Amino acid sequence: MTTATPGNRAPRDTEEAQVPVITDPQDFNEDSLFVDLQPVLGHRLALKCEGFNFAGSIKLKAATEMVEAAEREGVLRPGSILVESSSGNLGVALSMLAANKGYGFLCVTDHRCNLSTRRMMEALGSRVHVVSEPTPDGGLLGARISYVRALCASDDRYVWLDQYANHGNQRAHYRRTAPVVAAQFPDLDVLFVGAGTTGTLMGCARWFRDQGHPARIVAVDSVGSVSFGGEPSRRMIPGLGSGFRPAMLDESYLDEVVMVDEADTVRSCHRLARRGFLFGGSTGTVVSGAQAWLDHHDDGSLTAVAIAPDLGERYLDTVYQTNWVEALYGPGVLGPDTVPGGIPVVDMELTERQRADML
Ligand SMILES: Cc1ncc(COP(=O)(O)O)c(C=O)c1O
Numbered sequence: 001m002t003t004a005t006p007g008n009r010a011p012r013d014t015e016e017a018q019v020p021v022i023t024d025p026q027d028f029n030e031d032s033l034f035v036d037l038q039p040v041l042g043h044r045l046a047l048k049c050e051g052f053n054f055a056g057s058i059k060l061k062a063a064t065e066m067v068e069a070a071e072r073e074g075v076l077r078p079g080s081i082l083v084e085s086s087s088g089n090l091g092v093a094l095s096m097l098a099a100n101k102g103y104g105f106l107c108v109t110d111h112r113c114n115l116s117t118r119r120m121m122e123a124l125g126s127r128v129h130v131v132s133e134p135t136p137d138g139g140l141l142g143a144r145i146s147y148v149r150a151l152c153a154s155d156d157r158y159v160w161l162d163q164y165a166n167h168g169n170q171r172a173h174y175r176r177t178a179p180v181v182a183a184q185f186p187d188l189d190v191l192f193v194g195a196g197t198t199g200t201l202m203g204c205a206r207w208f209r210d211q212g213h214p215a216r217i218v219a220v221d222s223v224g225s226v227s228f229g230g231e232p233s234r235r236m237i238p239g240l241g242s243g244f245r246p247a248m249l250d251e252s253y254l255d256e257v258v259m260v261d262e263a264d265t266v267r268s269c270h271r272l273a274r275r276g277f278l279f280g281g282s283t284g285t286v287v288s289g290a291q292a293w294l295d296h297h298d299d300g301s302l303t304a305v306a307i308a309p310d311l312g313e314r315y316l317d318t319v320y321q322t323n324w325v326e327a328l329y330g331p332g333v334l335g336p337d338t339v340p341g342g343i344p345v346v347d348m349e350l351t352e353r354q355r356a357d358m359l
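Heads up, the sequence shown is in the UniProt record's numbering, so the first residue is 1 and it goes up one at a time.
Below you can see the structure in the form of C-alpha cells.
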C-alpha cells in the first residue's frame, strides 16, 4: 500500500494528511480498530474488528497468505483454477484475489452460506457449487470436501488450498492478528477467539505462547460443533464450528473452551445492533461466550479482547430477520431488550383524510 495526499496535491503544511492509495484490493485492511464493549457488557472487553477490507472479513488474511505461498511454490500458475470448501467468507476473499490475479475460482459450499455471500462471489466472477446431502461421518462439511477431492482428481488445473490443513491459514494470524492485539493491549489477560478451521485461534495461541506472553487463550465454539468433542447437532449460522475435528487444532495451546447456543449468538448480535454495531453471526457467538466467561471470572480487573471476524450486512436475511430467528429458535427468543426500543407502535386505521394527505 502506498500513501499520498488527497488528489496528489502538495501538502499544505507540515501536517501532511496521508491517505491510502491502493492498486490491488487486498492491499487495504483496517484491522487495528477495537470497540470498547464495557458499556454493553460491564467488563473491559475490546472487540477487534476484522471486517473493514474489500473482502469484508478476517478471511482475507488467510486467503492472501495461502495464495501467495502457493504462487511462490509454483503450485498456482497462470491457467490454474482455485477450488475451496467455504461457508462463505473465505470464498469471497478467494473470489476477490482470483479476480485480481487472473485465476478461476470454484467455491464449494452448502445451504448455510448466505445468499448475498453467494451473489458476491458470482459478481466477482467465481462459480459456486452448493452441496445438499451430508455424509454420515462428516456432515455437510464432509460432503463439501468429498466434492472438492473429486474435482481435483478429475482435472489437474484445479488447485485446492485446503484451509483446514494449510499452514498459511494459521500463519496469517500468527504474523498479522496476534501482534496487533498485543501491541494495543500489552497487559492482555484473556483473548477470546472463535473456532472454525481454527486458523485464527491456533495462529494467535501459538504467537502468544512463543512470545512467553501470559494471556489466557479461550476458544469459543457453537453448540452442535464436534471440534472439541461435543455431540453434533443442527447449526445454522456460518463461520464457527465444524462437522469434524479441524486438522490444525492443538488443545495444548488453549486454556479453555466455551460453547455457545445459537439462540445466545443471535441475542448477542441483536444486543450489539441496539447500540448501533451491526456485526456478523460469529461475533455474536464470541461476544456471548466472552460475556459468560467474564461473568464467571472477572472481578473487574481483567483486560480482555475478542475477535470480530466480520460485519452484519451478510446476515440481514438470517440473524437479523425476526421470522428466520423465531422459526429456528422459538418465538420470543430475542427478548424485550433486543427488539427495537423507543418507537411507539400505534395500531390504527388511517382516516380517509390522512390517506389523502399521504398521496
Ligand atoms: C464469519 C466467520 N467467523 C469465524 C470464522 C472462523 O475462523 P477460522 O476459520 O480462522 O477458525 C470464519 C471462517 O470462515 C468466518 O467466516
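Backbone N, C-alpha and C define an ideal beta-carbon position, used for all residues, glycine too.
All values reported here derive from a predicted model rather than from experimental measurement.
Under a Cβ-count criterion, where at least 16 other Cβ atoms within 10 Å of its own Cβ denotes burial, should residue i be classed as buried or exposed?
i	result
residue 125	exposed
residue 111	exposed
residue 323	exposed
residue 307	buried
residue 316	exposed
residue 220	buried
residue 26	buried
residue 6	With a pLDDT of 46 at residue 6, under the threshold of 50, the predicted position of this residue should be treated as unreliable, and no value is reported.
residue 288	buried
residue 246	buried
residue 414	Here the chain has residues from 1 to 359 only, and residue 414 is not among them.
residue 24	exposed
residue 79	exposed
residue 183	exposed
residue 102	exposed
residue 235	buried
residue 206	buried
residue 271	buried
residue 95	buried
Report yes if the C-beta of residue i is less than 7 Å from at least one heavy atom of ligand 2; otherwise report no.
i	result
residue 201	Ligands in the displayed structure: ligand 1; ligand 2 is not one of them.
Rounded to a whole number of angstroms, what is the C-alpha to C-alpha distance between residue i and residue j?
i	j	result
residue 8	residue 237	Note that residue 8 scores 47 on pLDDT, short of 50, meaning its location in the model is unreliable and no value can be drawn from it.
residue 203	residue 210	11 Å
residue 104	residue 121	12 Å
residue 332	residue 55	34 Å
residue 19	residue 135	49 Å
residue 152	residue 139	20 Å
residue 313	residue 42	26 Å
residue 259	residue 231	12 Å
residue 51	residue 311	6 Å
residue 65	residue 114	25 Å
residue 22	residue 28	7 Å
residue 334	residue 269	10 Å
residue 321	residue 290	24 Å
residue 212	residue 38	28 Å
residue 10	residue 33	Caution applies to residue 10, whose pLDDT of 48 falls short of 50 and renders its modelled position unreliable; the value that the coordinates give is listed next. Taking the straight line from one Cα to the other gives about 29 Å.
residue 157	residue 243	28 Å
residue 185	residue 154	49 Å
residue 147	residue 40	43 Å
residue 222	residue 201	14 Å
residue 83	residue 107	6 Å
residue 279	residue 181	19 Å
residue 366	residue 336	Lying before the first or after the last residue shown, residue 366 is absent from the chain, which here runs from 1 to 359.
residue 81	residue 262	35 Å
residue 255	residue 179	19 Å
residue 71	residue 214	36 Å
Less than 8 Å between the beta carbons of residue i and residue j, yes or no?
i	j	result
residue 217	residue 208	yes
residue 273	residue 168	no
residue 57	residue 309	yes
residue 241	residue 252	no
residue 60	residue 93	yes
residue 109	residue 86	yes
residue 35	residue 277	yes
residue 248	residue 199	yes
residue 89	residue 239	yes
residue 266	residue 319	yes
residue 97	residue 67	yes
Does any CB atom of chain D fall closer than 8 Å to the CB of residue i?
i	result
residue 226	Looking for chain D here will not work: only one protein chain is present.
Exercise. Counting pairs of Cβ atoms below 8 Å between the segment 150-163 and the segment 63-75, do you hit three or more?
Worked result: Segments in contact, yes.
For this session: Give a yes or no on contact between the segment 298-312 and the segment 187-197, applying the rule of three or more CB pairs nearer than 8 Å.
Result: yes
Problem set entry | Inside the segment 29-74 only - alpha helix (DSSP H) runs reaching at least 4 residues | 38-41 and 59-72
For this session: Determine contact between the segment 291-299 and the segment 323-332, defined as no fewer than three beta-carbon pairs at a distance below 8 Å.
Result: no
Problem set entry | Complete runs of the alpha helix (DSSP H) confined to the segment 242-293 [at least 4 residues] | If only uninterrupted alpha helix (DSSP H) runs of at least 4 residues are considered, those enclosed by the segment 242-293 are 262-273.
For this session: Could I get the ranges of all uninterrupted alpha helix (DSSP H) runs contained in the segment 82-152, with 4 residues as the minimum, in chain order?
Result: 89-101 and 115-123
Exercise. Are three or more beta carbon pairs between the segment 168-177 and the segment 272-288 nearer than 8 Å?
Worked result: Cβ pair count under 8 Å is below three, so no.
Exercise. Do the segment 140-153 and the segment 38-56 make contact, defined as three or more Cβ pairs closer than 8 Å?
Worked result: no
Problem set entry | Contained beta strand (DSSP E) runs [length at least 3] in the segment 149-187, N- to C-terminal order | You should have 158-160.
Exercise. Along the chain, which unbroken stretches of the alpha helix (DSSP H) at least 4 residues long are found entirely within the segment 182-229?
Worked result: 199-211
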